[in-house]
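Colleague: First, the structure itself, so that you have it in front of you.
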Amino acid sequence: MSDSVTESTLTRTVRIAARALGRHGLVHAYGHCSARLDADSFLVCPAKPMGLTDVGEACTRVPVHGPLPDGVLGEVRLHQHLYRTRPEAGGVVRFMSPQMMALAALGRVPAMRNGFGTYFKPGAGLWNDPQLIRDDEKAQGVIAAMGQSAGVMMRGNGAVTAGDSLEEAVVLAWYLEDACRIELEALRTGLADSAPVISQAEAEQRATKAGQIFERMWTYLTDGDPEVSRKDS
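Here it is as structure tokens:
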């Protein structure tokens with residue numbers, strides 16, 4: 011496959027991902043997603059509400075190292091630093107879903123109480139600072155707080171997930187939102203401290219990618235998108 015076809019196909023995936031995140035309430039006016047092109051660059055969605063991304067709309071190529079191109083949102087620095095520190099990362103999602111935002115505002119991250127939560131073993135990171143991430147120092151701090159997890163929550167300021175692909179990062183965003191929903195329900199019942207949690211050993215076994223776990227959720231999240239052909243998915 012030629013480089014131009016590869017970039018065209020990846021651009022389409024970024025658009026589909028952006029609309030899926032908007033459709034399922036994981037983002038609103040704010041948020042962004044990206045997919046790695048190669049070791050030195052990635053594609054980020056248009057700087058607009060993600061659900062309003064147009065069919066065929068261009069995405070922006072961003073360097074992994076160096077200044078952000080004109081018109082690219084400042085917090086895309088988070089994507090840059092993730093791609094720098096994780097050579098295996100193929101996709102990044104910055105989102106602001108409701109249950110996650112509520113839990114992060116409490117300065118808490120979800121315990122591993124359900125299967126979806128195990129994909130963030132040893133646990134989602136927490137960046138305990140509500141300020142916008144618009145400089146390299148803060149971006150580096152957020153990624154450091156993320157540690158080895160697939161996700162990090164920022165108090166009062168959303169979350170970031172990273173996956174082997176953008177499709178995986180989108181699914182992980184949905185998983186983190188659901189894990190936060192479970193945690194808030196546990197807190198409401200007053201049983202959070204006594205309820206069972208999944209151990210690290212159990213999480214290693216449960217957090218599988220077998221059985222088309224991510225593919226099936228991606229199909230669900232992108233159903234009805236105008237650029238999706240189910241025979242090709």
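If you're matching positions, the sequence shown starts at 11 in the numbering used here and goes up one per residue. Glycine included, every Cβ here is placed at the ideal spot set by N, Cα and C.
Identify every run of the alpha helix (DSSP H) within the segment 172-221, keeping only runs that are complete inside it and at least 4 residues long; order them along the chain.
Modeller: Qualifying alpha helix (DSSP H) stretches, in chain order: 176-199, 210-216.
Colleague: By how many angstroms is the C-alpha of T232 removed from the C-alpha of I192?
Modeller: If you number the sequence shown from 1, residue 192 lands on position 182. If you number the sequence shown from 1, residue 232 lands on position 222. If I take the Cα positions, the gap works out to 24 Å.
Colleague: Taking M60 as the reference, give the member of G101, G32, L197, G117 with the closest Cα.
Modeller: Your numbering for residue 60 matches position 50 in the sequence shown. Relative to M60, the option among G101, G32, L197, G117 whose CA is nearest is G32.
Colleague: Go through its chain and collect everything with a Cβ distance to D48's Cβ below 6 Å, but skip five positions before and after it.
Modeller: The residue you call residue 48 lines up with position 38 of the sequence shown. Counting only Cβ-Cβ distances below 6 Å, and skipping sequence neighbours, we find nothing.
Colleague: Taking DSSP's pairing of strands, which residues face V54 in a bridge?
Modeller: Counting from 1 along the sequence shown, the entry for residue 54 is found at position 44. Partner(s): S44, T70.
Colleague: Between the segment 88-108 and the segment 132-142, do three or more beta carbon pairs fall short of 8 Å?
Modeller: The segment 88-108, when compared against the segment 132-142, does not touch it at the 8 Å Cβ threshold.
Colleague: For L182, I'd like the list of residues in its chain whose CB is within less than 7 Å of its CB, leaving aside the five on either flank, ordered along the chain.
Modeller: Within the sequence shown, numbered from 1, the residue matching residue 182 stands at position 172. Answer for L182: Y129, A160, G161, T171, G173, listed in chain order.
Colleague: Taking 6 Å as the limit between beta carbons, can you name the residues of its chain near N124, skipping five residues before and five after?
Modeller: Along the sequence shown, one-based indexing puts residue 124 at 114. Excluding positions up to five away in sequence, the list reads I192.
Colleague: Within this structure, are the beta carbons of M156 and A114 separated by less than 8 Å?
Modeller: Mapped onto the sequence shown, residue 156 falls at position 146. Mapped onto the sequence shown, residue 114 falls at position 104. No. Outside cutoff.
Colleague: Buried or exposed for Y230, going by 16 or more other Cβ atoms inside 10 Å?
Modeller: Within the sequence shown, the letter at position 220 stands for residue 230. Answer is exposed; the Cβ neighbour count stays below 16.
Colleague: Per DSSP, what are the beta-bridge partners of A169 in this structure?
Modeller: By one-based count along the sequence shown, residue 169 stands at place 159. F105, M163, per the DSSP bridge assignment.
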